[in-house]
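2 protein chains.
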Amino acid sequence: MNAQVGEQLKAIRLAFGLSQRELAKRAGVTNGMISLIEQNRVSPSVGSLQKILGAFPMTLAEFFTRDLRGPDDIVFRAADLPDLATGAIEYRLVAATRQDRKMSILSEVYAAGADTGEDLLTHAGEEGGVIMAGELELTVAGKSWVLGAGDAYYFDSRLPHRFRNTGDVPARLVSANTPPSI
Amino acid sequence: MNAQVGEQLKAIRLAFGLSQRELAKRAGVTNGMISLIEQNRVSPSVGSLQKILGAFPMTLAEFFTRDLRGPDDIVFRAADLPDLATGAIEYRLVAATRQDRKMSILSEVYAAGADTGEDLLTHAGEEGGVIMAGELELTVAGKSWVLGAGDAYYFDSRLPHRFRNTGDVPARLVSANTPPSI
DNA sequence: TCCCTGTGTCTATTTTAATTAACAGATAGC
DNA sequence: GCTATCTGTTAATTAAAATAGACACAGGGA
């Protein structure tokens with residue numbers, strides 16, 4: 001009789017906005033069983049639990065790891081975003097503490113003249129972003145563009161690339177990359 | 183009757199160099215039970231499985247995650263970003279034409295009062311974003327927050343969610359989601 | 001050879017999980 | 001108020017998991 005399983009299942013069910021009967025119907029089990037499990041009055045077989053989780057859908061691995069990563073924060077205040085600054089470039093990572101993120105979202109500020117450097121970046125995955133203010137020069141695979149507010153980019157991160165603020169005011173952008181490179 | 187559990191337990195037991203009887207003794211269960219589980223002839227209750235794993239020791243989370251260890255355009259000008267607007271919400275998708283994108287990056291503008299609606303959204307994947315201007319109310323799994331410029335969010339897209347501009351000026355944000363939902 | 005101790009498997013029994021079908025409380029509509 | 005429909009809980013029954021104990025096989029020693 002695992003003391004955690006009941007509370008865990010109930011929390012997930014409520015997060016998905018389902019009633020015991022609704023969940024039971026989708027999972028192909030009885031509502032009574034959901035009730036008993038949530039009260040920790042029975043210890044479901046892993047087969048049954050798997051069947052139930054299938055309704056969300058969610059794997060057993062996700063179920064049992066869910067609260068190991070603490071309460072999954074959803075909202076991150078501007079002041080709380082950790083700054084991974086390297087010199088003249090400010091990188092603020094969204095959901096930095098979240099385990100197993102499928103992507104990284106960054107709020108970036110390039111000071112005037114800031115540059116990722118002559119040694120071009122290459123790494124696995126894809127990345128893209130939208131420029132919010134200022135001017136930013138992007139170089140990918142030998143080509144260069146100057147991007148302004150509202151402009152955007154997207155490319156395969158394996159292509160050698162570089163970002164540089166060629167203007168005289170800070171350049172701001174929001175970028176994302178997957179799988180997470182940070 | 184989970185087809186994986188038997189093989190998984192057997193592999194771990196052998197990795198620890200234990201016999202069925204030895205494991206059973208340490209776990210406080212019978213050797214016959216270990217035998218039946220390893221043959222997938224029964225689906226152990228999570229309580230029993232937990233008891234057995236306690237002999238290694240190993241958590242349920244570790245048990246179920248163990249084998250989970252397995253010429254495009256680059257720049258898009260603001261004016262060229264296709265607008266997938268639906269009513270009062272403007273969605274501009276970056277790299278819309280790119281094949282097999284691993285994520286979607288969107289530049290969004292919510293007019294005052296704009297709302298994704300009472301029917302909460304749920305879909306596969308993860309999503310996150312950064313608010314650039316205005317105020318936006320985010321509701322996820324029954325909780326609500328009001329986000330301002332610089333604030334950010336990140337959550338599992340399967341959780342029912344909703345965006346709403348509760349302010350009187352347009353709200354701007356950049357969001358990303360993976361795998362692409364658009 | 002015989003005995004001992006180890007291995008994993010299997011049957012009959014007991015215990016527990018899961019189902020069925022009912023109950024009581026809350027809410028909405030007539 | 002009454003009816004309909006939702007919610008979660010629960011007693012009695014059925015189905016399945018867990019136990020106890022026996023079985024067969026293998027490898028060492030004496």
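For the protein sequence lines, the chains are A and B, in the order given.
Quick note on our numbering: the first sequence kicks off at 1 and runs consecutively.
Quick note on our numbering: the second sequence kicks off at 183 and runs consecutively.
A virtual CB, placed ideally from N, CA and C, is assigned to each residue, including glycine.
Everything numeric in this text was worked out from a predicted model, so none of it was measured.
- Within chain A, the residues whose beta carbon sits less than 8 Å from that of GLU308/B are ARG101, LYS102 and MET103, listed in sequence order.
- A direct Cα-to-Cα measurement between GLY299/B and GLU290/B gives close to 16 Å.
- The beta carbon of TYR110/A sits no closer than 8 Å to any beta carbon of chain B.
- About 6 Å separates the Cβ atoms of LEU275/B and SER286/B, confirming a contact at the 8 Å cut-off.
- Between GLY316/B and ALA353/B, the CB-CB gap stays under 8 Å.
- By the neighbour-count criterion, in which 16 or more other beta carbons inside 10 Å mark a residue as buried, PHE198/B falls on the exposed side.
- In this structure, VAL5/A lies near VAL228/B, with their beta-carbon atoms less than 8 Å apart.
- Using a CB distance cut-off of 8 Å, GLY47/A counts as an interface residue toward chain B.
- Listed in chain order, the positions of the stretch 57-68 of chain A with a beta carbon within less than 7 Å of a beta carbon of chain B are LEU60, ALA61, PHE64, THR65 and LEU68.
- Against chain A, a Cβ distance below 7 Å from ALA358/B picks out MET103, ILE105 and ALA176.
- Against chain B, the CB of SER43/A has a partner CB under 8 Å away; the residue lies at that interface.
- Between the stretch 152-167 of chain A and the stretch 126-144 of chain A, the count of C-beta pairs closer than 8 Å reaches three or more; the two stretches touch.
- At a cut-off of 8 Å, the C-beta of ARG98/A has a neighbouring C-beta in chain B.
- For GLU317/B, there is no enclosing alpha helix (DSSP H), as DSSP gives it neither H nor E.
- Under a criterion of Cβ atoms nearer than 8 Å, the residues of chain A adjacent to ASP333/B are, in order, VAL75, PHE76, ARG77 and ALA78.
- Using a Cβ-Cβ cut-off of 7 Å, VAL276/B is close to GLY128, VAL130, ALA152 and TYR154 of chain A, given in chain order.
- Here ALA176/A carries a strand assignment [DSSP, helix/strand/coil].
- A Cβ of chain A is located within less than 8 Å of the beta carbon of PRO342/B.
- Beta-bridge annotation (DSSP): THR86/A is paired with ILE89/A.
- When C-beta atoms of the stretch 49-66 of chain A are compared with those of the stretch 233-246 of chain B, three or more pairs fall below 8 Å, so the two segments count as touching.
- The bridge partners DSSP lists for SER107/A are ARG92/A and VAL174/A.
- Excluding five sequence positions before and after ASN213/B, the CB atoms of its chain that fall closer than 7 Å to its own CB belong to GLN202, ARG203 and ALA206, given in chain order.
- Setting aside the 5 residues that flank it on each side, HIS123/A is surrounded in the same chain by SER157, ARG158 and SER181, each with a C-beta closer than 8 Å to its C-beta; the list follows chain order.
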